[in-house]
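Counting with my numbering, you get residues 1 to 85 for the letters of the sequence shown.
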Amino acid sequence: MPALCCRILSSSASVALGFGALLLASEFYLSALRMFGAFYLLFVAIGTLRNASRPAFNPNLPETHHSAKALIGRCFLVAVTNPAA
Numbered sequence: 001m002p003a004l005c006c007r008i009l010s011s012s013a014s015v016a017l018g019f020g021a022l023l024l025a026s027e028f029y030l031s032a033l034r035m036f037g038a039f040y041l042l043f044v045a046i047g048t049l050r051n052a053s054r055p056a057f058n059p060n061l062p063e064t065h066h067s068a069k070a071l072i073g074r075c076f077l078v079a080v081t082n083p084a085a
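Here it is in structure tokens:
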């Protein structure tokens with residue numbers, strides 16, 4: 001639920017700042033945003049392929065605890081950068 005709220009707030013902020021109108025008016029900025037998105041997806045794909053050979057869980061590693069602030073920040077970044085949402 002917090003990720004959804006952060007997603008809505010970030011979308012509302014971008015609308016309030018006029019990014020939608022800027023992208024409609026300028027083909028260059030729209031193309032630049034598309035290229036950035038394509039390179040980001042390529043970056044994620046390469047990282048996934050590099051980590052595919054590693055086991056997902058290692059019982060020998062110590063358990064790490066993250067603060068609520070760190071988890072909310074991570075959820076916010078995932079929600080904002082998620083192209084499927």
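The beta-carbon is built from N, C-alpha and C at its ideal position, and this holds for glycine as well.
Open item on the list: According to DSSP, is R54 part of a helix, a strand, or is it coil?
Closed with: Three-state DSSP puts R54 in coil, outside helix and strand.
Going by DSSP, what residue range makes up the alpha helix (DSSP H) through T64? T64 -> no alpha helix (DSSP H), and no H or E assigned at all.
- request: Using the Cα positions of A38 and A52, report the straight-line distance between them to the nearest angstrom.
  value: Near 21 Å, if we compare the C-alpha coordinates of A52 and A38.
Mind checking which residues open and close the alpha helix (DSSP H) that includes G20? Residues 19-25.
Can you tell me whether A13 is buried or exposed, with buried defined as 16 or more other CB within 10 angstroms of its CB? Under this definition A13 is an exposed residue.
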